[in-house]
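Before any comments, here is the structure.
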Amino acid sequence: MNKVLSGLVFVLVMMISLPGVASMEQASQEVSFQDEQLEQAIKQILKKDENAAVTQKDMESLTLLDLSRRGIKSIQGLQYASNVKYVDLSDNEIDDITPLKSLTKIRELDISSNQIASIEDLSAMTDLGMLIVSQNQISSLDVIKQLRSLHTFEANDNQISDITALSMATELTWLQLNGNQIAKIQPLSKLTKLKNLELASNRFSDLSPLKTLSKSLTSLNIGSNGISDLRALEGMTQMIALSAENNQIKKLDPLKKMSNLSSLNLNSNLVYNLEPLKSLSKLHYLYLADNRVWNLDPIRNHTFDPPHYDTGAIRYALDLSGNYLDLRSTTKTYQLLNKLGGDGSSQLKAQRLVIGSRTAYVGESSFKLSEAPFIASSRTYVPIRFVSERLGSKVGWNQSKQEVTISKDNTTIRWKVNEKKANVNGKTVSFDAPLLLKKNSSFIPVRFVSELLGSPVEYMANPKTAIIFEQK
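In mature numbering (1 follows the signal peptide of the UniProt record, and there is no 0), the protein residues as written are -22 to -1, 1 to 450.
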C-alpha cells in the first residue's frame, strides 16, 4: 500500500514539474492587487462579478486598458497584463510605475496627471509609439534614448530643463514640452520629421535650432518665452498655425512668405506694423490683442471667420483689443474693423510725426505744427509741447532761463536749451543729444519721450515717421 501511495505522489510531482502543467497552474493563479480601485476597474473591464477572482490568464487577455480618473494609487498587478498594447492611466494618484516595466508590447501609454518623478522603468518598451507624461514631476528624459519608435511625446508641465536625450528620437512627428524649464533647444535640430512642436512657457529665446525643421513643421507654439526675433522661422513655408503670444516680438517680416499660414496668435507682444501679413491670403485667424497696432490697411483684403458664440461668450477670429486703433464711429479704421468682423475693444492713442512734415496725427485726426520734426546729428527731434501735452503732461516755458518744464503726476522735468542733461525730480539725467530751439519751438530727442515720459516709440521707414504710443 505504501508503495502504491509513494508511486502516486511521484507521478503527481512529475506532472507538476512539467512545463505545460506548471504554466496552466500559473495562469490560473489569482492576481493580488494592492489598490482596490484598480482591482474593481479591472473586473469591470473583464466583466467579472465584484467578488470573483482575477487570474493571470484574465490579465493576459487584456489588450486595451482605460484606467483614467479612477483614483488609483498603486498599479501593482498590472505586470501580468503581458499582452496589453494601449494603456491609459491618466488623472490618478500614481507615483510608482515599476509594474509597467515588463509590458514590452505597449504601443501607446498615457500616464499624465499623476505624481510620477521617473519614467526610467519604460526603457524596455522599444516599440512604444505614443507616450504622454504631462502634469507630473519628471525631470529626466534619458529613457527616451531607448524609445526609438516614439512618434508622439507629450511632457507638458513637468520639471524638465535638459532635453539632450530627445536628439535621438528622430521618428518624432509630435512633441509637446509646454510649461517646463527649458533654456536651450539645440537638441531639437535633429528632429527633422517634426510636424507639431509646442514649447510654450519655457525659458529660451533663441529659435535658430529650429531652422532645420523648415520643411516639416506645420504647427508651432512658442508662447511665453523670451523671444524677440522670429528670423529663424523665415523659411517655414509649410507653417499652418503659429502661436507666439506673450513675448517681445516687434517685427513680422520673417512671416511674410508663410503662404499656408491659417492661424497666427501674437497676443501680448510689441507688434505695430502689419505690412508683412499683407499677402497671407489663407490667414483666417489672427490674434493681436495687447500690441501696438495702429493701422489695419495691410489686412483690409483678408477674410476672417465670422464671430461665434462658445460657452456663452462671443469669440472673434480677429482680435485687436488693447491696441492703438482710432475707432471713433466716423473713422475709416472703424468701418474697416466692422467689415473684417474683429474685436477692437479698449483702444489707446498713438501719435505719428512724419520727419520734415508739419502735419502730425493722433489716430486719424491731423494737426498743424509750427515747425516740422527733423533729424540732427543722427537724432530724431520732435516738438516737445505737442508730444507732451497729448501724453497728458503740462508744459511750461521760462524765456529768461531758456528752460522747458514738463509735469505729469509726481514727476517734474526741467531741461535747458542746448544742454545734454535734464533735471528730473531734483536728479540729473544725461542724454547724448541736447534740447534744441528752432524758431521759438523747443524740440527734444524722441528717445527722451520713451525714457522719461514712459511712452514707447517706434519708427517707420517710408515715410520716415516716429510713432509715439500712449502708455498702457
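Glycine included, C-beta positions come from ideal geometry on N, C-alpha and C. Model, not experiment: these values are computed from the prediction.
State the Cα-Cα distance for the pair residue i and residue j, rounded to the nearest angstrom.
| i | j | result |
| --- | --- | --- |
| GLU223 | ILE89 | 29 Å |
| LYS193 | SER221 | 18 Å |
| LYS51 | GLY300 | 46 Å |
| residue 455 | ILE227 | Since the displayed the chain opens at -22 and closes at 450, residue 455 lies outside it and no answer follows. |
| GLY432 | LEU155 | 36 Å |
| THR443 | VAL360 | 11 Å |
| LEU244 | LEU252 | 12 Å |
| ASN199 | LYS25 | 43 Å |
| ASN61 | ASN136 | 30 Å |
| ALA400 | TRP393 | 5 Å |
| THR76 | SER68 | 16 Å |
| GLN22 | LEU40 | 12 Å |
| ASN279 | THR289 | 30 Å |
| SER6 | SER46 | 27 Å |
| VAL111 | GLY201 | 21 Å |
| LEU119 | GLU71 | 21 Å |
| SER80 | SER197 | 35 Å |
| LEU144 | THR170 | 12 Å |
| THR190 | LEU415 | 54 Å |
| SER344 | THR308 | 14 Å |
| TRP272 | GLN325 | 9 Å |
Excluding the five sequence neighbours on either side, which residues of its own chain have a C-beta within less than 8 Å of the C-beta of residue i, listed in chain order?
| i | result |
| --- | --- |
| THR82 | ALA102, MET103, THR104 and ASP105 |
Measuring alpha carbon to alpha carbon, tell me which of the options ends up nearest residue i.
| i | options | result |
| --- | --- | --- |
| ASN225 | ASP410, MET217, LEU177 and MET214 | LEU177 |
| LEU255 | LEU153, GLY55, LEU119 and LYS235 | LYS235 |
| SER348 | SER355, GLY157 and THR337 | THR337 |
| THR281 | SER246, SER257 and PHE409 | SER257 |
| LYS417 | ASP74, PRO351 and ASP297 | PRO351 |
| MET108 | TRP152, ASN136, GLN93 and ILE116 | TRP152 |
| LYS398 | GLU429, LEU413, LEU303 and ILE277 | LEU413 |
| PRO423 | ILE97, ILE362, GLN313 and ASN273 | ILE362 |
| ASN440 | VAL332, SER419, SER385 and PHE409 | VAL332 |
| VAL382 | LEU369, ASN388, GLY370 and ASN396 | ASN396 |
| LEU188 | GLY201, ASN180, ARG181 and LEU172 | LEU172 |
| THR130 | LEU150, MET146 and SER118 | LEU150 |
| LYS450 | ALA328, VAL373, ALA411 and THR390 | ALA328 |
| ASP292 | ASP268, ASN279 and SER323 | It is Ile, not Asp, that sits at residue 292 in the sequence shown. Minimum Cα distance to ILE292 is reached at SER323. |
| ASP66 | ARG48, LEU233, LYS79 and GLN159 | ARG48 |
| ILE405 | SER344, LEU415 and ILE391 | According to the sequence displayed, residue 405 carries Lys and not Ile. The candidate whose alpha carbon is nearest that of LYS405 is ILE391. |
| ASN247 | THR170, TYR265, TYR437 and SER240 | TYR265 |
| GLU98 | LEU78, GLN57 and VAL121 | VAL121 |
| ASN174 | ALA219, HIS262 and LEU144 | ALA219 |
| THR215 | HIS286, LYS260 and ALA133 | LYS260 |
| MET217 | LEU233, SER378 and ASP44 | LEU233 |
| ASN269 | ASP73, GLU436, GLN124 and SER420 | GLU436 |
| GLY320 | PHE364, SER419, ARG330 and HIS262 | HIS262 |
Taking all protein chains shown into account, decide if residue i is buried (16 or more other Cβ within 10 angstroms of its Cβ) or exposed.
| i | result |
| --- | --- |
| PRO284 | exposed |
| GLU14 | exposed |
| TYR294 | buried |
| MET(-9) | Only weak support is given to the placement of MET(-9): the predicted model assigns it a pLDDT of 46, under 50, and the value that follows is read from those uncertain coordinates. Exposed. |
| ARG209 | exposed |
| ASP231 | exposed |
| PHE447 | buried |
| THR358 | buried |
| GLY341 | buried |
| SER356 | exposed |
| ALA19 | buried |
| ILE205 | buried |
| GLN313 | exposed |
| SER91 | buried |
| ILE141 | buried |
| LEU42 | exposed |
| SER420 | buried |
| ASN388 | exposed |
Cβ of residue i within 6 Å of any heavy atom in the ligand NAD?
| i | result |
| --- | --- |
| GLU86 | With respect to small molecules bound, the structure shown includes none, and the ligand NAD cannot be examined in it. |
Report all residues from its chain with a CB closer than 7 Å to the CB of residue i; omit the five preceding and five following residues, and keep chain order.
| i | result |
| --- | --- |
| PHE11 | GLU17, GLN54 and GLY55 |
| THR311 | LEU274, LEU303, ASP304, LEU305 and GLU342 |
| LYS162 | PHE182 |
| PHE426 | PHE409 |
| SER186 | ALA210 |
| SER167 | PRO187 and THR190 |
Can you give me the Cβ contacts of residue i inside the same chain, cut-off strictly under 6 Å, excluding the 5 residues immediately before and after it?
| i | result |
| --- | --- |
| GLU86 | TYR64 and MET108 |
| ASN180 | ASN158, ILE160 and ASN203 |
| ALA267 | ASN245, ASP297, SER299 and GLY300 |
| TYR58 | VAL9, GLN34 and MET37 |
Hey, does residue i have any beta-carbon neighbour from chain B nearer than 7 Å?
| i | result |
| --- | --- |
| GLU132 | Here chain B cannot be found, since the structure has a single protein chain. |
Ignoring anything shorter than 4 residues or poking outside the segment 362 to 423, list the alpha helix (DSSP H) runs there in chain order.
362 to 367
Segments assigned beta strand (DSSP E), at least 3 residues, entirely inside the segment 54 to 100
64 to 66 and 86 to 88
Going residue by residue through the segment 242 to 277, where are the continuous beta strand (DSSP E) segments of at least 3 residues, counting only ones entirely within it?
263 to 265
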